[in-house]
Every structure is written in structure tokens, then in C-alpha cells.
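Quick note, the sequences are listed as chains V and F, same order. When the first sequence is numbered by my numbering, its final residue is 314 and no position is left out of the sequence of numbers. When the second sequence is numbered by my numbering, its final residue is 435 and no position is left out of the sequence of numbers. Cβ atoms here follow ideal geometry from the backbone N, Cα and C, with glycine treated the same way. Note that the structure is a prediction, hence the values are computed from the model and not measured. Structure, as C-alpha cells:
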Amino acid sequence: MEKNLETIFQDKIDNEIKIEPKDWMPEKYRQTLIRQISQHAHSEIVGMLPEGNWITRAPSLRRKAILIAKVQDEAGHGLYLYSAAETLGISRDEMYDQLHTGKAKYSSIFNYPTLTWADIGAIGWLVDGAAILNQIPLCRTSFGPYARAMVRVCKEESFHQRQGFELLLTLSKGTEQQKAMCQDAINRWWWPSLMMFGPSDDASPNTAQSMQWKIKRFTNDELRQKFVDMIAEQVKVLNMTLPDKDLKWNAETKHYDFGKINWEEFWQVISGNGPCNKQRLDTRKKAWADGAWVREAASAYAEKKAAKQSMHAA
Amino acid sequence: MIAIRKFYYGDYGESKNGTADISSSNKTKNEWPLWEVFIRSKQGLDHKHAGSLHAADAAMAIENARDVYTRRMEGLSIWVVESKYIHASNPDDADALYDPANDKAYRHPTFYNLPDAVKHM
Ligand SMILES: [Fe+2]
Ligand SMILES: [Fe+2]
Numbered sequence: 001m002e003k004n005l006e007t008i009f010q011d012k013i014d015n016e017i018k019i020e021p022k023d024w025m026p027e028k029y030r031q032t033l034i035r036q037i038s039q040h041a042h043s044e045i046v047g048m049l050p051e052g053n054w055i056t057r058a059p060s061l062r063r064k065a066i067l068i069a070k071v072q073d074e075a076g077h078g079l080y081l082y083s084a085a086e087t088l089g090i091s092r093d094e095m096y097d098q099l100h101t102g103k104a105k106y107s108s109i110f111n112y113p114t115l116t117w118a119d120i121g122a123i124g125w126l127v128d129g130a131a132i133l134n135q136i137p138l139c140r141t142s143f144g145p146y147a148r149a150m151v152r153v154c155k156e157e158s159f160h161q162r163q164g165f166e167l168l169l170t171l172s173k174g175t176e177q178q179k180a181m182c183q184d185a186i187n188r189w190w191w192p193s194l195m196m197f198g199p200s201d202d203a204s205p206n207t208a209q210s211m212q213w214k215i216k217r218f219t220n221d222e223l224r225q226k227f228v229d230m231i232a233e234q235v236k237v238l239n240m241t242l243p244d245k246d247l248k249w250n251a252e253t254k255h256y257d258f259g260k261i262n263w264e265e266f267w268q269v270i271s272g273n274g275p276c277n278k279q280r281l282d283t284r285k286k287a288w289a290d291g292a293w294v295r296e297a298a299s300a301y302a303e304k305k306a307a308k309q310s311m312h313a314a
Numbered sequence: 315m316i317a318i319r320k321f322y323y324g325d326y327g328e329s330k331n332g333t334a335d336i337s338s339s340n341k342t343k344n345e346w347p348l349w350e351v352f353i354r355s356k357q358g359l360d361h362k363h364a365g366s367l368h369a370a371d372a373a374m375a376i377e378n379a380r381d382v383y384t385r386r387m388e389g390l391s392i393w394v395v396e397s398k399y400i401h402a403s404n405p406d407d408a409d410a411l412y413d414p415a416n417d418k419a420y421r422h423p424t425f426y427n428l429p430d431a432v433k434h435m
């Protein structure tokens, strides 16, 4: 019986038929999705923090308006994704709880600090750029609510990368100091951006299953290579360089070769020892705690209003 | 463990409407209710399901829907309905419900072969 259901399920996936929340699914599929979607949602939410730091310090009204719009988009992305995860039977509060207690992970990239204004450009160009490559194939992921959320996210994402690149382009044509700032930001964000695609394929044992279930469409290394090929070209327009002496076009593979990623650093940051892990979590927890009275007051007000209404109706 | 009544996404059918299958902790006791959001993107078109969100009441649900779902002129009108009021058909019944439509090709205009001489039909 179980086998039969599983075969029907896999047949649907093989035929590109989306799985919807009420359809039968293997428990492992549900759990994998809850973990992946909620991690993704947490990343959008925590991702607002490094950029939010610079809203009040943006150099012009134009840049400030753009940055606010971008950060607001990320809040929306978090919401779409939390909602998608909720269809799998986990509550919003449980997910928040997992984040706040450190049980759930989020993208390690957001544990790096934003030290200069140029970092805002580098984040848009590199971090959002990497995120977009991850997200585009997810628009065709097998779970319906996740795929629909990603379509919405991808639509909004495209300006994020462009505004970042434009910001860096402006700096790259500025004073010597501005150029140096631009290069410095690229140097600091390049390697962490490469790590955003996750461990290399031989170190990610769950990839095969996720590919079979079409939760994932490309492997980590495939996406990472795509990213390197894209950025290695774009950086030329900025007249800047990437901090990798091994970066070189390979005429045979038609791809860029690149240097070794420091996976030790990656695992350190993931396990809580990045430069800002503690600060990010503390900020989140404080925001949640500080907002408690608002949530309670709104609930109390809604209850009171509903009670009044039913009195009128009676 | 206390099973509490929870309301998921509108995609859940009647049988799943209510009790939680995974999270039946009391973690949700303070959660604002879930709302489904429907947006009319253009005058003359139907409202279409856009997504869902949590809000304390209908007014807040509309305000939040405006903030998350219509920042780029995606809509001119918003409907919100608390998710618990959505009743859905059960996907397990899909065969019984929709199969009978399959063998009635005569309901489609292409079923009828007419000479080419017949115009405008
Ligand atoms: Fe995002
Ligand atoms: Fe973004």
C-alpha cells in the first residue's frame, strides 16, 4: 500500500505534475521541504539586517528610497515562504521559535558585517545575484505553493541585483577612495557568495534525493559554476577584479576555473562562529520580544471588536 | 499533548480542515489568524488568489495585503477571507468528481465536422 502511494507520487513528479498540500507525500519529502522552505524564509528575514544597517546612512535620497524598497521586498519574500511552509503543517510561531532558539539555520552569508556603503552594492550584485541563480530553478520545484512563492520572489528579485551593480558602477567611476571601497567590498563578499550555493556535490549527500523529488533542479556545483561564469564577465564592466588568482577562462570546458573554497570557514559560520551570528540572532530575538505587546494589543482589540459586533447582531 | 484546532491554507480539503497533523503544540495559541488574499489585477478581471498572511482582523489583513501583494501595481482591489472559512474539495475525490467530464467530447465545438463552405460558425 505504502509502496503504491509512493509510486503514484513519484510518477506525478516525473510527469511534472505539481504536488499540492493535501496530496499524499512521503514524510521525508514533507520534512525536507519544511526544512528547506523555512530556512529560505529565515534567510530572507535575517537578510534584511545587514542592509537595514545602512538605510539611515544612505548617501542620497534616491539610494535611500531604493534600499528601503529592496529591504521591504525581502520582508515580503520571507512572508511568501513562511506561508508556503505553513501549508505543510508547521505553524509560523514554531518556525520563529526554531530560528530564535538557533535550531533552524539561515544562509551563512548574512553573518558577515556590512562595513561600508559599497557593501550594499556588493550584496545586491553578488548575494542577490547568487540567490537569483538558486531561485530561478525553484520556480519549477515540485511542491506547488513553494513554486508559486518563488515565481513572485523572482519577479521582485531582478531589480535587487541591478541596483547593486549600478551602485558599484557609480563608485567605480568615482574618486580613488570610492574605487578602493568598491574593490574592497568585492574582495570581502566574493568568497562568502560562492559558499551560498552550499557544500560541493560530493559533500551534500541529500542532493540525489532532492533531485529525484525535483525539489532541486541543479546541483550546488552546477549553480556555483554558472555564477562564477556570470560574475567573472560582469566584473570587467566595473573595471574591478575578483580576489582569486586561480580564476581563469578554460577554453576546453568553456567555463571559468576558480580557486579552492575555504570550507572550514563555511562550516564555522554555519555552526555559529561567523563574525555576526550572535548579533543577528540577538537582533531578531529583540525585535520579536519588543513586538509582543503589539501582537497582544491587536489580538485584544480584534476580540473586543468582534464581541461588540456579535452583541449588535444579537 | 493537546490537539488544537488549526487552519491551514485553502488547498486543504474538509477532512484536513482543523486539527494539525504535525504541530499540535500550544506554540500557536497567540498566533494571529491566517487569511487568504485575493487580488483583482485590472478592472474587468476576476479576483485571483495571491497568497496568505496572518492578521488580527480583516482591516489589518487588507492593509498587510496591500503592503505585500500590491507594491508594484499588481492590484486595484483586495479581498481577504479568513482561511478557516474556505471549504475545499478533496483531491482524493478527483476521479469521481471530474472523470465524467472526460468522455463527453460532444460538449466541445470541435466534435462537429462541418463542410468548409460553412463560414462564421
Ligand atoms: Fe529575497
Ligand atoms: Fe533580494
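- Two segments are said to touch when three or more pairs of C-beta atoms, one from each, lie closer than 8 Å; by this definition the stretch 234-251 of chain V does not touch the stretch 296-309 of chain V.
- Per DSSP, Ser83 (chain V) is one residue of the alpha helix (DSSP H) stretching across Leu61 to Glu86.
- In this structure, DSSP gives Phe218 (chain V) a state outside helix and strand, which the three-state scheme calls coil.
- Apart from sequence neighbours up to five positions away, the residues of its chain that approach Ser43 (chain V) with a beta-carbon distance below 6 Å are Tyr106 and Ser107, ordered along the chain.
- With a threshold of 9 Å between beta carbons, Glu377 (chain F) makes no contact with chain V.
- Residues of the same chain with a CB within less than 6 Å of the CB of His255 (chain V), apart from the 5 flanking positions on each side, are Gln225 and Asp229 in chain order.
- For the beta strand (DSSP E) assignment, the uninterrupted runs of no fewer than 3 residues enclosed by the stretch 352-424 of chain F are, from N- to C-terminal side, 361-368 and 391-396.
- By alpha-carbon distance to Ile186 (chain V), the top candidate from V:Cys276, V:Lys22, V:Ala118 and V:Gln72 is V:Ala118.
- Distance from the CA of Ile353 (chain F) to the CA of Thr87 (chain V), rounded to the nearest whole angstrom, comes to 20 Å.
- At least 9 Å separates the beta-carbon of Ile123 (chain V) from that of Trp191 (chain V).
- Here Asp257 (chain V) carries a strand assignment [DSSP, helix/strand/coil].
- Lys248 (chain V) is bridged by DSSP to V:Asp257.
- Rounded to whole angstroms, Asn134 (chain V) and Phe425 (chain F) show a C-alpha spacing of 45 Å.
- Inclusion of Thr116 (chain V) and Asp184 (chain V) in the CB contact set at 9 Å is warranted, their separation being smaller than that value.
- As a beta-bridge residue in DSSP terms, Phe143 (chain V) pairs with V:Ile19.
- Between Pro405 (chain F) and Asp23 (chain V) a beta carbon distance of about 6 Å is seen, short of the 8 Å cut, so the two are scored as contacting.
- Within the same chain, Gly198 and Asn220 come within 7 Å of Ser204 (chain V) by CB-CB distance, once the 5 residues on both sides are set aside.
- Bridge partners of Glu350 (chain F) according to DSSP: F:Ser366 and F:Val395.
- Of all residues in the stretch 4-38 of chain V, the ones placed with a Cβ closer than 7 Å to any Cβ belonging to chain F are Glu20, Pro21, Lys22 and Asp23, in chain order.
- In the same chain as Ile136 (chain V), and ignoring 5 residues on each side of it, the C-beta atoms closer than 7 Å to its own belong to Cys154, in chain order.
- Only Gly365, Ser366, Leu367, His368, Ala370 and Asp371 from the stretch 352-372 of chain F bring a Cβ to less than 7 Å from some Cβ of chain V.
- Closest by C-alpha distance to Ile400 (chain F), out of F:Leu359, F:Ala415, F:Asn344 and F:His363, is F:His363.
- Less than 9 Å divides the Cβ of Ala85 (chain V) from the Cβ of Ile37 (chain V).
- Per DSSP, the unbroken alpha helix (DSSP H) holding Ala131 (chain V) starts and ends at Asp128 to Leu138.
- Residue burial is scored here from C-beta neighbours: Tyr412 (chain F) has fewer than 16 other C-beta atoms within 10 angstroms and is therefore classed as exposed.
- Contacts between Ala287 (chain V) and chain F, judged by CB atoms closer than 7 Å, are missing: the closest CB pair is about 16 Å apart.
- Pairing Met311 (chain V) with Ala302 (chain V), the inter-Cα distance amounts to about 14 Å.
- Cβ-Cβ distances below 6 Å link Val71 (chain V) to Met48, Glu51 and Gly52 in the same chain, with the five nearest sequence neighbours on each side left out; the list follows chain order.
- Per DSSP, Arg57 (chain V) lies in no alpha helix (DSSP H) segment and is marked neither H nor E.
- For Glu396 (chain F), there are no neighbours in chain V by C-beta distance under 8 Å, as the nearest C-beta there is about 11 Å away.
- Rounded to the nearest angstrom, the gap between the Cα atoms of Ser366 (chain F) and Ala410 (chain F) is 29 Å.
- In this structure, ligand 1 has a non-hydrogen atom nearer than 8 Å to the beta-carbon of Asp128 (chain V).
- The C-beta separation of Ala372 (chain F) from Ile392 (chain F) comes to about 11 Å, leaving the pair out of contact by the 8 Å criterion.
- Ligand 2 has no heavy atom closer than 8 Å to the beta-carbon of Glu350 (chain F).
- Assignment of Glu176 (chain V) by DSSP, reduced to helix, strand and coil, places it in the helix class.
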